[in-house]
Ligand SMILES: Cc1ncc(C[n+]2csc(CCOP(=O)(O)OP(=O)(O)O)c2C)c(N)n1
Ligand SMILES: Cc1ncc(C[n+]2csc(CCOP(=O)(O)OP(=O)(O)O)c2C)c(N)n1
Ligand code: SF4
Ligand code: SF4
Ligand code: SF4
Ligand code: SF4
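Laid out in structure tokens, this is it:
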């Protein structure tokens with residue numbers, strides 16, 4: 002298909018439609034609203050379901066109900082709205098039905114602002130809802146990736162009967178880039194064997210997240226864990242740039258990873274042996290890939306648009322074998338390549354000790370500018 | 002004062018009252034309900050405010066409003082109800098007003114069950130709401146501690162203008178133990194200089210979490226971060242048992258830490274040099290204390306009633322200097338001391354390699370029993 | 060069950076437990092009329108031949124285990140969100156019969172937003188609303204339907220309307236929304252009223268079968284355990300204390316169902 | 060401002076901007092009647108001498124920045140939760156005057172539960188409800204108050220009541236709750252109605268001052284930007300399209316305020 | 003003379019709540035104080051078969067759907083109408 | 003003869019929405035097309051002072067509280083009543 | 005020295021109260037004690053149980069898999085806890101509701117028709133105290149007097165009129181336990 | 005080779021559209037391109053801007069601190085972006101609204117009375133295209149033809165009747181830019 006100039010939010014909406022989404026339930030919130038509005042136009046045209054819910058809580062529970070029928074369903078929101086979905090997400094996880102959530106992050110905490118941010122990494126990756134559950138988290142850095150990962154999200158969610166989140170932010174949601182949309186898929190008529198559709202000519206089915214007996218609940222927790230282990234084994238994804246001979250490794254996801262790429266190129270132009278690892282699946286996180294890089298890298302630089310959330314995952318992988326530095330902007334500020342280039346130069350000049358706390362050094366420097 | 006036989010939930014309620022709580026807003030949920038019911042009786046007697054909110058969302062926002070007047074206020078709930086409070090908590094954090102939340106954990110995810118659990122560690126400690134914020138998290142292991150930490154929670158919340166969570170579970174909430182209540186405190190008449198009370202003879206005040214300009218929001222994020230650094234510097238708390246000559250160190254919080262204590266004693270009786278570190282502040286987490294123990298310990302055993310959440314924090318502190326093993330029960334199952342004793346014995350017999358993944362070994366053993 | 064034969068002559072079965080009710084012992088307290096409501100719904104589904112087309116949505120409350128008792132497909136919703144889940148299901152499967160079964164804490168307190176908007180949207184589902192004037196499952200706290208002066212564990216001196224507010228009449232509120240088709244309040248406190256309650260439930264499902272939109276039946280129900288009354292005393296308490304606050308009747312009957320004999 | 064002296068004789072000031080309105084340029088679009096509502100509230104607070112005793116609760120919507128415009132203490136609530144925050148404030152400071160200012164998405168959609176329960180509790184606060192038939196701040200999506208057939212960005216072919224439901228009349232709904240004291244719906248589409256709107260706002264605050272419980276004023280307001288109309292066209296649209304769906308009037312006047320001349 | 007009726011109580015379900023006993027217009031029912039159900043309740047039973055008219059009232063009020071009602075009639079193919 | 007009135011428009015606030023112009027019963031107001039406010043709008047002003055009666059209608063409809071209204075009267079201590 | 009006691013039976017048999025009485029007595033005796041109940045209205049209709057641990061040192065786990073003693077007041081509880089009592093421990097059975105004999109021979113067994121004995125004392129619901137009395141006769145972790153004082157001190161106001169009855173039941177149970185001497189103790 | 009262009013001015017001046025036209029042209033020319041807007045209704049009334057990056061290789065950051073070129077359509081935008089344009093870069097100014105002279109001498113400056121020129125072409129709102137034309141005359145990252153084709157290809161249906169006007173404006177701007185030659189380029 003031909004390349005079109007597409008806005009991230011609308012591209013993800015159309016990608017979901019081509020992937021065969023049968024129902025969308027959502028509520029307006031900047032910087033995600035274009036996705037909702039696109040669905041409001043297109044879904045009825047296609048005879049599919051669009052409902053503007055009265056709230057994000059209603060939206061996630063409509064998704065929950067629709068998912069129980071075995072249909073491909075989704076919602077999308079941002080910060081405050083996502084927080085309201087936490088109970089519903091925990092129920093969906095506990096009921097083991099698949100669904101897709103697109104989270105277009107904005108500055109927080111609280112009402113904050115509508116600028117691009119990565120402040121909700123922990124909320125999504127470490128589970129903002131109650132109970133032990135994990136969700137697949139995909140982080141696009143371009144409009145094309147936003148399209149591809151939206152489609153992938155549906156496939157993985159169904160394959161593993163889990164929640165898949167496309168975790169992006171206002172920058173990807175609002176920017177336009179040339180991208181190619183996938184062909185329109187057929188919507189499968191058959192429903193999975195667990196779906197609730199009316200007990201016609203078969204024993205009745207029940208979908209619920211309640212297990213009053215702790216030992217039964219523990220079995221369920223274990224089942225979720227088993228599934229998560231498969232996901233960890235099969236679904237880790239990331240992209241590498243200039244890593245072959247890299248002595249310094251920058252790690253960043255989404256838009257931050259993309260800004261870092263410009264900085265890495267500039268640093269290379271200055272002769273600095275630096276590369277970039279951009280995690281595409283934030284969970285499962287590419288621990289092994291980063292651990293492997295410890296053998297070649299003299300230091301890591303983690304770049305995020307938050308106070309250091311993915312940083313913990315990198316630290317867990319590196320385990321202080323080599324030094325880790327951190328650079329973060331917060332509250333909706335998108336770093337410029339120049340800032341990251343400066344950090345790379347500093348690392349090239351002087352390596353911190355592995356036992357140093359990267360947050361400490363960062364905070365000291367931050368205090369000078371903010 | 003004399004020791005009384007007190008039920009955890011009621012002890013925390015009375016402790017809050019003695020600490021001068023002026024308003025309680027809550028909603029019923031097992032295994033926390035006795036706390037609400039106790040407040041329903043006592044608060045009106047004392048001429049203080051009790052409101053049964055229509056939902057946990059209303060409750061946390063009533064707390065938000067009341068906190069903005071500079072009063073000592075609180076709510077309490079469990080799993081599903083806490084998840085519904087995530088948006089409100091993020092707003093409160095972003096507005097920098099103090100309040101206390103008591104979270105009496107139960108089995109999850111979803112509706113799950115009402116048995117004791119520690120499955121919500123990540124939700125509270127790593128921030129279940131959107132945006133960059135941290136909350137002080139206190140984990141009692143006895144009814145006496147539940148009392149003391151409830152009082153402490155109010156003092157710390159006000160000192161740092163932050164949210165303080167007493168993170169406990171159905172076992173502490175429901176069990177009875179002899180404990181001593183603190184004397185009744187005076188309620189301070191004076192309101193803090195930021196409180197919204199009507200602009201009488203002073204410039205008006207505004208409390209909000211919105212900072213439309215990302216650079217302003219970043220300043221706010223930094224202010225929160227600064228405060229968090231102070232909290233990390235001043236407020237780390239934990240308890241040590243038999244650590245002086247310990248070669249094996251068990252780490253567990255709350256009821257799990259207490260069960261571990263029985264196992265440690267039994268192991269000591271068998272001549273195993275094992276000790277226990279029980280974190281009392283889960284955030285700020287006692288990283289330094291655990292890091293220090295790496296010099297003396299041959300291995301750590303992390304015991305939790307979840308699939309390994311605090312485990313990540315221990316791993317961050319240990320950084321694979323020495324092996325870490327994990328033992329978890331999930332879904333509301335409380336381990337018996339015998340189970341943990343068996344894990345200690347195994348460690349004493351054979352040490353894993355530091356690079357081994359503790360979850361892997363645990364999961365394999367778990368598969369045999371669950 | 061085979062017909063029982065009395066010594067001298069034959070008897071014929073005139074009533075038996077509906078097959079839609081699964082043959083298990085329920086967890087409800089002795090004398091709790093949740094059980095009556097269950098039986099009436101089961102009878103209606105059976106008489107209308109809807110069992111294989113029906114999907115139930117259980118809610119959080121004593122009826123959380125309702126899915127154990129009906130021989131139909133079921134899901135269990137988060138507290139108060141059953142109407143939203145039902146909306147999701149019905150939009151995907153418009154030709155199925157979808158009903159929620161909710162208590163008064165669930166529907167009228169935490170679930171107020173969902174029930175009103177589901178009614179306003181005119182979702183073609185049926186809602187069975189059990190009003191027992193308190194939160195049963197959690198041990199008898201005040202509900203939005205708790206009557207003035209009623210003692211509960213959170214209104215130990217009786218509900219003081221100045222501090223704890225006034226009871227909310229859901230049936231009347233929902234009847235005023237254009238999206239609702241059939242709305243009635245009935246009571247389960249004696250045989251006569253139980254018969255009327257069944258008629259209302261029948262009407263509600265008839266409305267859904269005809270695609271007339273949101274149908275709602277509020278049932279005044281007992282909670283002997285938390286009221287601290289015997290099952291029989293509880294039946295009287297409904298009549299004396301609840302009905303004056305929650306008048307019985309059909310508040311909205313769509314023209315299509317007027318004069319329908321059920 | 061000094062009095063202006065026209066060449067031949069003296070003029071005296073008969074109206075000036077209320078002092079309770081801070082002297083700043085607002086972020087509202089030209090001709091948006093959010094500004095009129097602000098001015099009326101400011102005038103009432105000034106006339107009643109309540110400035111120093113008042114605490115406002117802003118909500119999420121175009122009026123999110125209301126706290127920048129009133130010279131009174133203010134807080135800003137999460138979307139839909141202003142009544143809960145106001146409850147928390149009022150319970151701590153019963154002698155202060157607490158009001159919320161909420162849009163129709165905020166109050167009637169996501170905030171439905173909070174507004175109904177706050178009214179049912181009879182919280183002694185005042186709620187100013189701006190009904191502009193859509194979500195302004197986020198760019199003109201459907202609101203619960205969007206009138207049938209109205210085009211919005213989420214009802215591109217006009218609101219189809221079968222798919223998107225019917226508009227909700229908040230004033231009528233809240234008037235039916237025992238906890239509410241004064242409830243009115245007014246419009247801001249011309250000078251005569253603006254004068255009536257101010258009277259209603261005055262009555263609402265009078266009710267709170269007297270401790271009569273929950274008071275509520277719904278104001279039909281314009282959103283020229285998202286309606287795609289000029290400010291003047293928008294005023295006419297209110298009259299022609301909204302008033303037929305949202306009748307004006309006082310739906311509940313407490314006896315204590317009957318005959319009060321304001 | 004009134005129709006002759008008969009009822010059976012399924013003791014797997016009965017909880018001895020006595021609602022049937024209370025509402026029976028003929029006062030034909032009672033609890034069996036000498037027996038326990040598997041769940042530990044005293045079940046209801048027909049204490050005075052002579053009085054039962056098969057009016058179904060007991061079945062109408064039974065929360066457990068434990069009661070089956072029979073009525074005298076000439077022998078023929080069974081119909082099982084439901085309640086009300 | 004009608005009361006003589008006068009109005010001033012505070013150009014810091016005016017957004018040129020023309021509501022005052024539209025509703026002025028005397029058609030005494032208009033926008034100043036030759037001027038911009040600091041925020042880039044054409045402000046309203048009194049185009050025909052002779053016609054203004056000080057009826058306050060413009061101030062009543064002004065969303066920005068930008069209008070001050072004066073009315074002819076014998077010189078004495080000022081009272082500043084508010085609207086309505 | 006630490007002693008763990010499990011009390012189990014139907015809801016309504018006064019299981020939790022019996023445990024609380026022991027806990028109060030232990031507290032007043034200056035010992036460490038924990039009382040851990042099965043909880044939640046969701047448990048309604050099911051069986052109730054509680055674990056009381058009395059110890060001289062700080063108590064670790066409030067739950068144990070193998071208690072030192074158990075009082076079982078119905079059949080399901082007997083089936084559940086008979087296998088768990090520590091060898092040499094004490095198993096007190098309400099013979100009125102147990103519906104079967106105890107099989108284990110390595111524990112001290114006291115089986116009393118507690119319900120009937122209680123009925124004789126005027127109220128079936130005193131069976132729990134009868135069995136507590138019996139337990140104390142065989143497991144001298146607390147004296148009868150200490151428990152009686154605990155009843156007097158801590159019985160909630162609205163039930164004070166029942167104190168005497170409860171004390172009677174305690175003593176009756178203890179006396180009966182002395183008489184009914186089980187072989188296991190001889191070994 | 006990568007070129008960054010910032011376009012800034014009041015909302016309603018067609019800022020975002022001007023950027024999109026460039027982006028479409030770049031895409032059709034087979035180049036990599038990103039279009040990054042200021043966004044959100046919350047921005048209402050404020051100033052609008054967008055950043056267009058055109059490059060031969062995969063584009064990293066869609067935002068830059070120092071753009072190669074800037075089109076500023078009002079005073080605040082001039083104040084904000086004049087200092088940021090790269091030395092040797094291009095600064096295109098709508099003289100009708102700028103309200104002051106450009107101070108920098110190390111950048112190529114094109115200042116045109118775009119609003120008046122647009123008015124002459126029949127619609128003030130064509131000023132954006134006038135300035136885009138001017139930019140392309142000095143920064144040959146795309147040809148006029150490519151941009152004209154982009155207008156024809158991608159102009160949304162309901163605005164197609166405006167295509168001709170827009171093309172006129174483009175050409176007019178380019179022509180004017182050739183004439184108005186600024187000293188900076190000589191240095
Ligand atoms: C979000 C959330 N809050 C609270 C609870 C706890 N809870 C379980 S049942 C219940 C009350 C149910 O009462 P009602 O709806 O009246 O039904 P009933 O039990 O009276 O039949 C509550 C509050 C929960 N499970 N989830
Ligand atoms: C939980 C949450 N959901 C969504 C939003 C996004 N949001 C901001 S304003 C708004 C709509 C406000 O519309 P309305 O209440 O009608 O006020 P108006 O802007 O029309 O004055 C929404 C949905 C949010 N901030 N928080
Ligand atoms: S608690 Fe009340 S509502 Fe729940 S089952 Fe028992 S009697 Fe019924
Ligand atoms: S968007 Fe609508 S409601 Fe918001 S300020 Fe503009 S005109 Fe007013
Ligand atoms: S009504 Fe039903 S449950 Fe109750 S006693 Fe009679 S048969 Fe048993
Ligand atoms: S009404 Fe007010 S804002 Fe509008 S033009 Fe007149 S003075 Fe200006």
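Residue numbers (my numbering), protein chains in the order written: chain H, 2 to 371; chain G, 2 to 371; chain S, 60 to 321; chain F, 60 to 321; chain X, 3 to 86; chain U, 3 to 86; chain W, 5 to 191; chain B, 5 to 191. Cβ coordinates follow ideal geometry from the N, Cα and C atoms, glycine included. As the structure is a prediction and not an experimental result, all values here were calculated from the model.
So which residues of chain F does residue 19(U) contact, with C-beta pairs closer than 7 Å? Against chain F, the beta carbon of residue 19(U) has neighbours under 7 Å at 89, 90, 290, listed in chain order.
Looking at C-alpha atoms only, which residue of 195(S), 274(S), 233(S), 273(S) is the closest neighbour of residue 118(S)? When only C-alpha atoms are compared, the closest one is 195(S).
Could you give the uninterrupted runs of the beta strand (DSSP E) lying entirely in the region 231-315 of chain H, keeping only those of 3 residues or more? Within the region 231-315 of chain H, the complete beta strand (DSSP E) runs of at least 3 residues are 239-242, 249-252, 275-280, 282-284, 300-305.
Which whole runs of the beta strand (DSSP E) in the region 139-185 of chain S are 3 residues long or more, in chain order? Counting whole runs of 3 or more residues, the region 139-185 of chain S contains the beta strand (DSSP E) stretches 156-162.
Beta strand (DSSP E) runs contained entirely in the region 24-72 of chain G, provided each spans 3 or more residues: Runs of the beta strand (DSSP E) lying entirely within the region 24-72 of chain G, each at least 3 residues long, are 24-27, 50-53 in chain order.
Distance between beta carbons of residue 321(H) and residue 257(G), contact taken as under 8 Å: With a Cβ gap of about 27 Å, residue 257(G) and residue 321(H) do not count as contacting.
Can you list, in chain order, the residues of its chain whose CB lies under 6 Å from that of residue 47(B), leaving out five sequence neighbours each side? At residue 47(B) the pLDDT is 46, less than 50, meaning the model places this residue with poor confidence; the figure from the coordinates comes in the next sentence. Nothing meets the Cβ criterion.
Within the same chain, show all residues whose beta-carbon is closer than 7 Å to that of residue 144(F), passing over the 5 residues directly before and after it, in chain order. Take residue 144(F), set aside five residues on each side of it, and the residues of its chain with a beta-carbon closer than 7 Å to its own are 116, 134, 136, in chain order.
Alpha carbon to alpha carbon, what distance is there between residue 25(X) and residue 122(W)? When rounded, the distance between both Cα atoms is 34 Å.
Can you look up residue 1(H) in the DSSP assignment and give me helix, strand or coil? As shown, chain H starts at 2 and ends at 371. That puts residue 1(H) outside it, with no answer to give.
Burial state of residue 145(G), where buried means 16 or more other Cβ atoms lie within 10 Å: Counting Cβ neighbours within 10 Å, residue 145(G) comes out buried, since at least 16 surround it.
Ligand 6 heavy atom lying under 8 Å from the CB of residue 17(U): Checking every heavy atom of ligand 6 against the Cβ of residue 17(U), one is found closer than 8 Å.
Between residue 139(G) and residue 165(G), is the Cβ-Cβ spacing less than 9 Å? Yes. Within cutoff.
Chain F within 9 Å of residue 315(S), Cβ atoms only: Cβ-Cβ to chain F under 9 Å: no for residue 315(S).
Does residue 85(W) have its Cβ less than 9 Å from a Cβ in chain G? Chain G, which has no Cβ nearer than 9 Å to the Cβ of residue 85(W), makes this no.
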